[in-house]
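Worksheet for the structure shown next.
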Amino acid sequence: MHLNQRDAIWMRAGLDLKKAGVTSWEQIMKNVMNLYKAEMPFIEKMEAIVLTSPEEVTAGLAEAHAKYAARDERAKGLHDEEVDVFYGCTLCQAFAPTSACAVTPDRPSLCGAITWFDGRAAAKVDPEGPQFAIPKEGLIDEIKGEYASVNEMAESRSGGEYSRMALYTFFDAPHTSCGCFETIGFYMPEVDGIGIVDRDFRNPTPNGLPFSTMAGQAGGGKQVVGFLGMGLLYYFSPKFLQADGGWRRIVWMPKELKERVKDGIDADMFDKIATEEDAADLTALKKFLLKVDHPVVDGVERKVDGKKISEGWKIEDPSEYEDAVIAFIEETGGDIDVDAIKAKLNMSEGQFMQVIEYLQDEGILE
1404 MHLNQRDAIW MRAGLDLKKA GVTSWEQIMK NVMNLYKAEM PFIEKMEAIV
1454 LTSPEEVTAG LAEAHAKYAA RDERAKGLHD EEVDVFYGCT LCQAFAPTSA
1504 CAVTPDRPSL CGAITWFDGR AAAKVDPEGP QFAIPKEGLI DEIKGEYASV
1554 NEMAESRSGG EYSRMALYTF FDAPHTSCGC FETIGFYMPE VDGIGIVDRD
1604 FRNPTPNGLP FSTMAGQAGG GKQVVGFLGM GLLYYFSPKF LQADGGWRRI
1654 VWMPKELKER VKDGIDADMF DKIATEEDAA DLTALKKFLL KVDHPVVDGV
1704 ERKVDGKKIS EGWKIEDPSE YEDAVIAFIE ETGGDIDVDA IKAKLNMSEG
1754 QFMQVIEYLQ DEGILE
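Pasting the structure below:
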């Protein structure tokens, strides 16, 4: 089994191989080469080198990383407005039958292996293969990234399972998630924000779930509101989740991942996004977001058009906070200090005023 790409590859060889007579790397790699040549008949000769020396592996990775970086920089320089064709990919349908990936300059593949340039090259090399052109036609919603041609592709390639697929949103007909995605985004309604985790982070995230569990929920080619597989290169796109507030909606990610994509994060948001060092659960995450005055607390305004798309944190039952707020007022003499409200009551100014209005409506406060 082979999943993922670049230097995050999973390769598994079952013990039954030995029973079947496979005893050497030579046998395995000959079959791998035969698969490549069967898929791409223009390949005449191949050589496979298996590195086992740690020093050679380290040197090889350094060379590979330099090539990855050059490819990524080229991909970052092109945007959706500058092309008249997108590309589709169905490579993952072997294990995710309804997965249909739309690859655009601003929305690379979930696995990170296919950029717009890769899609174009593959479609030209093998016109009948798993990568194919999608004319950029029938714009329905510019901010969500919904096109009639992409919808038609999603419906036909998913076997009718889905009829809509928007490219720049988390919540309305999001992109299908295959299973080999580099990262997964997850919505946390408790803070009205989005967390992100990569497969290298093995601990539970603030919602209590690890990467593997969420990948199982969203993978398989499903379209699941609240979970979204994403490739790392997407984080550098100016259209990154633009319909949902982009980086203003991101509240948590592992420290290592945050450092890895820091050049793509809005400068004013970098310190407002928590990591595992700041918050391991939802209670700690709420305290952190209050402390740094994260946009989700009072409501997020979209950068792309300035529209306010969320109302900020609300209290469902203000009566639950009646005693705490009255005690706070008595202690402070009625002076409203926002920092004190956040620190002592663990609530935003808006939530505090919600309780005040409730107390006034009930005649408890004048």
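With positions in the sequence shown counted from 1, the corresponding number in my numbering is that position plus 1403.
Just so you know, even glycine gets a beta-carbon here, dropped at the ideal spot from N, CA and C.
- [ ] Decide yes or no for the touch test of the segment 1649–1659 against the segment 1618–1630: beta carbon pairs closer than 8 Å, at least 3 of them.
- [x] no
Check your understanding: Are G1715 and S1751 closer than 8 Å when you measure CB to CB?
Key -> Against the sequence shown, residue 1715 aligns to sequence position 312. Against the sequence shown, residue 1751 aligns to sequence position 348. The answer is yes: Cβ separation under 8 Å.
- Query: Roughly how many angstroms separate the alpha carbons of H1482 and V1488, rounded to a whole number?
  - Reply: As a position in the sequence shown, residue 1482 is number 79, starting the count at 1. As a position in the sequence shown, residue 1488 is number 85, starting the count at 1. So the two alpha carbons sit approximately 11 Å from each other.
Suppose only complete runs of 4+ residues qualify. What are the alpha helix (DSSP H) ranges in the segment 1682–1709, listed by chain order? 1685–1695, 1698–1701
Quiz item: Who are I1597's beta bridge partners in DSSP?
Solution: Taking the sequence shown and counting its residues from 1, one reaches residue 1597 at position 194. In DSSP, I1597 forms a bridge with Y1590, I1653.
Checklist entry - Which ranges would you report for the beta strand (DSSP E) in the segment 1613–1662 if only whole runs of at least 3 residues count? => result 1630–1633, 1653–1655
- Express the C-alpha separation of C1583 and T1426 in angstroms, rounding to a whole number. Here residue 1426 corresponds to residue number 23 of the sequence shown, with the count starting at 1. Here residue 1583 corresponds to residue number 180 of the sequence shown, with the count starting at 1. So the two alpha carbons sit approximately 29 Å from each other.
Going by beta carbon distance, what residues of the same chain come within less than 6 Å of A1499, once the five residues before and after it are set aside?
-> For the purposes of this step, residue 1499 is taken as residue 96 along the sequence shown, with counting starting at 1. These residues qualify, in order along the chain: C1581, G1582, G1623, G1624.
Look at the alpha carbon of E1769 and the alpha carbon of Q1763, and state the distance between them as a whole number of angstroms.
To locate residue 1769, count along the sequence shown from 1; it is residue 366. To locate residue 1763, count along the sequence shown from 1; it is residue 360. Each residue's alpha carbon lies about 6 Å from the other.
Indicate the three-state DSSP secondary structure (helix, strand or coil) for F1673 in the structure shown. Against the sequence shown, residue 1673 aligns to sequence position 270. Residue state, collapsed to three classes: helix.
Report task. Under 8 Å by Cβ, that's how I've got K1689 and V1758 pegged, so tell me the actual separation to the nearest angstrom. Result -> As a first step, residue 1689 must be located in the sequence shown, where it is residue number 286. As a first step, residue 1758 must be located in the sequence shown, where it is residue number 355. The Cβ separation is near 16 Å, so there is no contact.
Q.
Out of G1766, A1516, D1740, Y1724, which one is the CA nearest neighbour of K1470?
A. The residue you call residue 1470 lines up with position 67 of the sequence shown. When each option's Cα is compared against that of K1470, the closest is A1516.
**Report entry** Straight-line Cα distance separating S1566 from F1535
**Finding:** The count along the sequence shown starts at 1 and reaches residue 1535 at position 132. The count along the sequence shown starts at 1 and reaches residue 1566 at position 163. Roughly 19 Å separates the two Cα atoms.
> Is E1555 near the ligand NAP, going by C-beta to nearest heavy atom under 7 Å?
Replying inline: For the structure depicted, the ligand NAP is absent and the ligand set is empty, with no information on it obtainable.
Check whether the segment 1546–1556 and the segment 1568–1580 touch, using three or more Cβ-Cβ pairs below 8 Å as the test. yes
For P1466, which three-state DSSP category applies? In the sequence shown, residue 1466 corresponds to position 63, counting from 1. The question names Pro, but residue 1466 is Glu in the sequence shown. If DSSP states are grouped into helix, strand and coil, E1466 belongs with the helices.
**Spatially closest choice to I1676 from E1476, W1655, I1668, G1563, by CA coordinates** = Locating residue 1676 in the sequence shown gives position 273, counting from the first residue. Cα-wise, what sits closest to I1676 is W1655.
8 Å Cβ cutoff met for C1514 and G1634: In the sequence shown, the residue the question calls residue 1514 occupies position 111. In the sequence shown, the residue the question calls residue 1634 occupies position 231. A contact, by the Cβ cut-off of 8 Å.
Start and end residues, beta strand (DSSP E) containing Q1534
Locating residue 1534 in the sequence shown gives position 131, counting from the first residue. Q1534 -> beta strand (DSSP E) spans 1534–1538.
Compute the distance between the beta-carbons of E1485 and P1508, then report whether it is under 8 Å. For this step, residue 1485 is matched to residue 82 along the sequence shown. For this step, residue 1508 is matched to residue 105 along the sequence shown. Contact: yes.
Subject >> Contact check, T1572 vs L1644, beta carbons under 8 Å >> reply: Taking the sequence shown and counting its residues from 1, one reaches residue 1572 at position 169. Taking the sequence shown and counting its residues from 1, one reaches residue 1644 at position 241. Taking 8 Å as the Cβ cut-off, T1572 and L1644 qualify as a contacting pair.
**Prompt:** Distance, Cα to Cα, G1417 vs I1431?
**Reply:** Reading the sequence shown from its first residue, position 14 is the one you call residue 1417. Reading the sequence shown from its first residue, position 28 is the one you call residue 1431. Taking the straight line from one Cα to the other gives about 12 Å.
- Taking Cβ positions, are Y1490 and I1537 nearer each other than 8 Å? Locating residue 1490 in the sequence shown gives position 87, counting from the first residue. Locating residue 1537 in the sequence shown gives position 134, counting from the first residue. Yes, Cβ-Cβ distance for Y1490 and I1537 is below 8 Å.
Nearest neighbour of K1665, chosen from A1682, V1699, S1559, S1640 [CA to CA]: For this step, residue 1665 is matched to residue 262 along the sequence shown. Comparing Cα positions, the closest option is S1640.
| Roughly how many angstroms lie between the CA atoms of P1607 and S1615, to the nearest whole one? | Here the question's residue 1607 lines up with position 204 in the sequence shown. Here the question's residue 1615 lines up with position 212 in the sequence shown. C-alpha separation (whole angstroms): 9 Å.
Original post:
Under 8 Å between the Cβ atoms of A1618 and I1599?
Top reply: Residue mapping note: residue 1618 aligns to position 215 of the sequence shown, counting from 1. Residue mapping note: residue 1599 aligns to position 196 of the sequence shown, counting from 1. No.
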